[in-house]
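Line order of the protein sequences matches chains U and X. For the first sequence, the working numbering assigns the number 181 to the last residue and increments by one with no breaks. For the second sequence, the working numbering assigns the number 370 to the last residue and increments by one with no breaks.
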Amino acid sequence: MRNTIMTDRRHLNLLLLAVMFFATFLACDKGKAESLTRLPSESQKAIKEYWTPERLQKARPIELHPPPDFKPEPLAKETASPGEVRQGPGAPPVRDPVHNDH
Amino acid sequence: MAPGEGRAQAPLPLTANRAQSTASIIQFWTPKRLLEARPIEMRPSVDQFLSLSHRAESQASTHTGVGAPPIIMGNGNLTRQLHSPKALGSTENSSAKTTDNLPPSTSSEGAYFTTSRVFPDAATTTYPYLTVGQLVFHNPVSNQDSYCSASVLRPRVVVTAGHCVYHAGPTEDDPSGNRYFYSNWMFTPAYNNGAAPLGTWTWQYVIVSGYWSTGKGTVPNAQDIAIFEMVDNNNQRIGDFTGYLGYAIGSLSPNHLTILGYPCNIDSCTKMQSTNAQSFAGGGKKTVIYGSAQRGGTSGGPWIQDFGVAGSGAPTGTALNWLKSVSSYGPIAAEPKYQGGSSLMGNVTSGFLSLLNTVCNHRQGNC
């Protein structure tokens, strides 16, 4: 009788443990898509002072690229015009348009 | 058989020589005549119209927030010169392969587009261009300063790409793959080669999508988005000076958009560039690809549907400036020329709309 009770308790403990693991798993899974927030640790003045003309000029662009095996999926076929040759580029006015001497 | 024989002859062109003098033509166009002239309008016959094989695509887009022009005119004495003007040029080697018939800047493997400098300069200080600017930030680990682009979305809210806010995986600057926020963001609306016509604006709260923060820094990413609450200048909100864009969820394809930003391959990251293009391809993970010549530096720049200012009498809904995405990724090679962006998600965990709602509720008057 005592052994049966112990076994039942062990089962109950195992069940509780499993429930806890499952709940933790669910929380972690949900957390994957949770957004993150941040408040500044620097003052507005400190940020503006940080950005000296030299720093602004030396900053570099961020550029992200997909992996080498990336293949875009065409949305729709377009009819190309293979014979098209573009000639005759445009040009800005050579005279100031607001001082027309007509 | 001679060439062309047996085929329908092509109609010949017509020519005309001017019979009137220049002076008489100018005199003909009196103010009264100019005002009373009517438009010529050509319409196809009903049969022709019905034979067109355009498929009506369903537009499932939900327009949830309209934009607005600035309520404060002028610069409020905020104008600053941030640095001396740079020499204009490209930061990249121009070794792009070109197609036989097309200039390299207008098309790339079928992804047709036009990319050009926003011109004249004065246009950049006019709504809705005025909502777009350059975002600079600092990587506290690598000690590198970087550029992105961003835009004003609500009176005190600025939107950019998640990768301009959060280091989520290995990068050139920091290959460690550690995850952390960047710092020292400063936004300059209508930035123009060192000039800040409306001053510079710093941040006081930021939220980045969980899709980006847990995405190991790889693209395509389903929601490469981050949203800032900005600090007021002289007790005025940024959007009061710049106006702000509208936003619309979904329907990134099929669509035709205007993409704005400060790419460093053109004009040395110093001048706002505009790309007009239609959706070209799917990039996977809810991203869509548009043809574009803009490269690094344009990250976070807005993708806008119905861009501009509506003329009087224009169809309803024209020029309402809906934000549809922001620039997320581009190719390593010079060809093809394209940019990818995430389709804005609705009110789901870590979706664009839930991020925006969080920022809107963070402080009264943000939205």
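Cβ coordinates follow ideal geometry from the N, Cα and C atoms, glycine included. What you are looking at is a predicted structure, and each value in this text was computed from that prediction instead of being measured.
Of all Cβ atoms in chain X, is any one closer than 8 Å to the Cβ of E152/U? As a working mapping, residue 152/U is identified with position 73 in the first sequence. With 8 Å as the cut-off, E152/U counts as an interface residue toward chain X.
Could you tell me how far apart the beta carbons of T277/X and V121/X are, in whole angstroms, since I believe they sit closer than 8 Å? Here residue 277/X refers to the residue found at position 274 when the second sequence is read from its first residue. Here residue 121/X refers to the residue found at position 118 when the second sequence is read from its first residue. According to the sequence displayed, residue 277/X carries Ser and not Thr. Indeed, because the Cβ distance is near 5 Å, the residues count as touching under 8 Å.
Under 8 Å, do T301/X and S152/X count as touching if we go by C-beta distance? For the purposes of this step, residue 301/X is identified with residue 298 of the second sequence, where counting begins at 1. For the purposes of this step, residue 152/X is identified with residue 149 of the second sequence, where counting begins at 1. In this structure, T301/X sits near S152/X, with a CB-CB distance shorter than 8 Å.
Report the start-end ranges of each beta strand (DSSP E) in the region 122-190 of chain X that is 3 residues or longer and not cut off at the edges. Here the runs fully enclosed are 135-141, 148-157, 160-163.
Rounded separation between D309/X and L260/X - CA only: Mapped onto the second sequence, residue 309/X falls at position 306. Mapped onto the second sequence, residue 260/X falls at position 257. Taking the straight line joining both Cα atoms gives about 7 Å.
Mind reading off the beta-carbon distance from T67/X to I252/X? Whole number of angstroms is fine, and I expect it under 8 Å. On the second sequence, position 64 is the one that residue 67/X refers to. On the second sequence, position 249 is the one that residue 252/X refers to. Going by Cβ atoms, the distance from T67/X to I252/X rounds to 6 Å, so yes, they are a contact pair.
Which stretch, first to last residue, makes up the beta strand (DSSP E) that contains H144/U? Indexing the first sequence from 1 puts residue 144/U at position 65. Segment: none, H144/U is in no beta strand (DSSP E) and carries neither H nor E.
With a cut-off of 8 Å, does the C-beta of T158/U fall near any C-beta of chain X? For the purposes of this step, residue 158/U is taken as residue 79 along the first sequence, with counting starting at 1. Summary for T158/U: the model assigns pLDDT 41, below 50, so the residue's position carries little reliability; its value from the coordinates is reported in the next sentence. Judged by the 8 Å Cβ criterion, T158/U is not in contact with chain X.
Three-way DSSP call (helix, strand, coil) for G287/X in this model: Position 284 of the second sequence, counted from the first residue, corresponds to residue 287/X. Reduced to three states, the DSSP call for G287/X is strand.
At least one CB of chain U closer than 8 Å to the CB of N187/X: is that the case? One-based indexing of the second sequence puts residue 187/X at position 184. It does; some Cβ of chain U falls within 8 Å.
Spell out the partners DSSP gives A71/X in its beta bridges. Along the second sequence, one-based indexing puts residue 71/X at 68. Paired residue(s): Y247/X.
Is there a Cβ from chain U that is less than 8 Å from the Cβ of L302/X? Position 299 of the second sequence, counting from 1, holds the residue named residue 302/X. According to the sequence shown, residue 302/X is Ser rather than Leu. At least one chain U Cβ lies under 8 Å of S302/X.
Straight-line gap, R284/X to D148/U (C-alpha atoms, nearest Å): One-based indexing of the second sequence puts residue 284/X at position 281. One-based indexing of the first sequence puts residue 148/U at position 69. Reading off the sequence, residue 284/X comes out as Ala, not Arg. Those two C-alpha atoms are separated by around 16 Å.
Would L156/X and L81/X be called neighbours here (beta carbons separated by less than 8 Å)? Mapped onto the second sequence, residue 156/X falls at position 153. Mapped onto the second sequence, residue 81/X falls at position 78. For L156/X and L81/X, no; Cβs fall outside 8 Å.
Flag K35/X as yes if its beta-carbon sits less than 8 Å from any beta-carbon of chain U, otherwise no. Your numbering for residue 35/X matches position 32 in the second sequence. No, K35/X does not count as interfacial toward chain U.
Would you give the residue range spanned by the beta strand (DSSP E) that H259/X belongs to? Here the question's residue 259/X lines up with position 256 in the second sequence. Here the beta strand (DSSP E) through H259/X covers 259-264.
For the region 121-143 of chain U, list every residue whose C-beta sits within 7 Å of some C-beta in chain X, in sequence order. Listed by position, the residues of the region 121-143 of chain U near chain X (Cβ gap below 7 Å) are E121, Q123, I126, K127, Y129, W130, P132, R134, L135, Q136, K137, A138, R139, P140, I141, E142, L143.
Proximity winner among H166/X, L38/X, Y208/X, relative to T116/U (alpha-carbon distances): Position 37 of the first sequence, counted from the start, is the residue given in the question as residue 116/U. Per the Cα distances, Y208/X.
Closer than 8 Å to chain X by CB, R117/U: Start at 1 with the first residue of the first sequence, and residue 117/U comes out as number 38. For R117/U, the answer is yes, since a Cβ of chain X falls inside 8 Å of its Cβ.
Inter-residue Cα distance where the pair is L356/X and P223/X: Taking the first residue of the second sequence as position 1, residue 356/X is located at position 353. Taking the first residue of the second sequence as position 1, residue 223/X is located at position 220. Taking the straight line from one Cα to the other gives about 20 Å.
What residues in its chain sit with their C-beta under 6 Å from that of M348/X, if we drop five residues either side in the sequence? Within the second sequence, the letter at position 345 stands for residue 348/X. Q226, G354, F355, listed in sequence order.
Could you check whether the region 160-167 of chain X touches the region 225-242 of chain X, counting it as contact only if at least three pairs of C-beta atoms, one from each stretch, sit closer than 8 Å? yes
What span of residues does the beta strand (DSSP E) with E128/U cover, start to end? Along the first sequence, read from residue 1 onward, the residue named residue 128/U stands at position 49. That residue, E128/U, is in no beta strand (DSSP E); its alpha helix (DSSP H) goes 123-129.
Is it a yes or a no for the region 194-202 of chain X touching the region 169-182 of chain X, going by three-plus beta-carbon pairs under 8 Å? no
If S216/X and Y169/X are in contact, beta carbons under 8 Å, what's the gap, nearest whole angstrom? Reading the second sequence from its first residue, position 213 is the one you call residue 216/X. Reading the second sequence from its first residue, position 166 is the one you call residue 169/X. Going by Cβ atoms, the distance from S216/X to Y169/X rounds to 5 Å, so yes, they are a contact pair.
When the Cα of P132/U is compared with those of Q281/X, T361/X, A199/X, P305/X, which residue comes out closest? Against the first sequence, residue 132/U aligns to sequence position 53. Checked all of Q281/X, T361/X, A199/X, P305/X; the closest Cα to P132/U is A199/X.
If K137/U sits next to T205/X, beta carbons under 8 Å apart, how far is it from one beta carbon to the other, in whole angstroms? In the first sequence, the residue the question calls residue 137/U occupies position 58. In the second sequence, the residue the question calls residue 205/X occupies position 202. That pair is no contact at about 20 Å.
Within 8 Å, strictly: CB atoms of T352/X and E113/U: As a first step, residue 352/X must be located in the second sequence, where it is residue number 349. As a first step, residue 113/U must be located in the first sequence, where it is residue number 34. Cβ distance < 8 Å, so T352/X and E113/U count as in contact.
8 Å is my cut-off, CB to CB: does V162/X come that close to chain U? Position 159 of the second sequence holds residue 162/X. Output row for V162/X: interface = no.
Bounding residues of the beta strand (DSSP E) (the contiguous stretch that carries I307/X): Mapped onto the second sequence, residue 307/X falls at position 304. Element bounds for I307/X: 305-308.
Interface flag, I75/X vs chain U, CB-CB below 8 Å: Here the question's residue 75/X lines up with position 72 in the second sequence. Output row for I75/X: interface = no.
Taking 8 Å as the threshold (beta carbon to beta carbon), is H90/U in contact with chain X? For the purposes of this step, residue 90/U is taken as the residue at position 11 of the first sequence. Cβ-Cβ to chain X under 8 Å: no for H90/U.
In this structure, does DSSP put S98/X in helix, strand or coil? To locate residue 98/X, count along the second sequence from 1; it is residue 95. Because S98/X carries a pLDDT of 43, less than 50, the predicted location of this residue cannot be relied on, and the following value inherits that uncertainty. Of the three classes helix, strand and coil, the one that applies to S98/X here is coil, per DSSP.
Residue nearest to G294/X in terms of C-alpha spacing, selected from Q147/X, S154/X, T117/X, G165/X: For the purposes of this step, residue 294/X is taken as residue 291 along the second sequence, with counting starting at 1. Minimum Cα distance to G294/X is reached at T117/X.
Along the beta strand (DSSP E) that carries I210/X, what are the first and last residues, could you check? Here the question's residue 210/X lines up with position 207 in the second sequence. I210/X -> beta strand (DSSP E) spans 204-211.
Can you tell which of G368/X, N187/X, F244/X, V312/X has the C-alpha that lies nearest to the C-alpha of S154/X? Along the second sequence, read from residue 1 onward, the residue named residue 154/X stands at position 151. Among G368/X, N187/X, F244/X, V312/X, the Cα nearest to that of S154/X belongs to F244/X.
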